[in-house]
Amino acid sequence: MRNKKIPLRKCIVTGERKPKGELLRIAYSKDGVLTIDPSGKAPGRGFYILIDSKVAEKAKKKNSIFHQMKMPEQDGFYDQLIDYVKTIEGANHGS
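For what it's worth, the UniProt record's numbering labels the leading residue of the sequence shown as 1, then goes sequentially.
This is the structure we're talking about:
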């Protein structure tokens, strides 16, 4: 019996390759808007970030997401991302 292949994705901030389930998808729509995509199914190009508040804060400090996308920064996106990641971390540690 063949082992099922686990899809790996690369974190846009750290460059680490992890299983898709350990990362949070950020979708880039045709309108040029970035959104947090917890379902992983939103339309548009997808980018991934580790579910770690330190990584999200590093992304904000270095503006790594918008820099790699070569697009202007969206007001409040990094703060929204950090809050969301902290919520997920809290839920995972609470169980």
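A virtual CB, placed ideally from N, CA and C, is assigned to each residue, including glycine.
| Item | Value |
| --- | --- |
| Suppose you measure from the CA of V85 to the CA of R9; what does that come to, to the nearest Å? | 18 Å |
| On the CB-based measure, 16 or more other CB atoms within 10 Å of its CB, does A59 come out buried or exposed? | buried |
| Kindly provide the ranges of any beta strand (DSSP E) runs that are 3 or more residues long and lie completely inside the UniProt domain "YlxR" (9-82), ordered along the chain. | 17-19, 23-28, 34-37, 45-50 |
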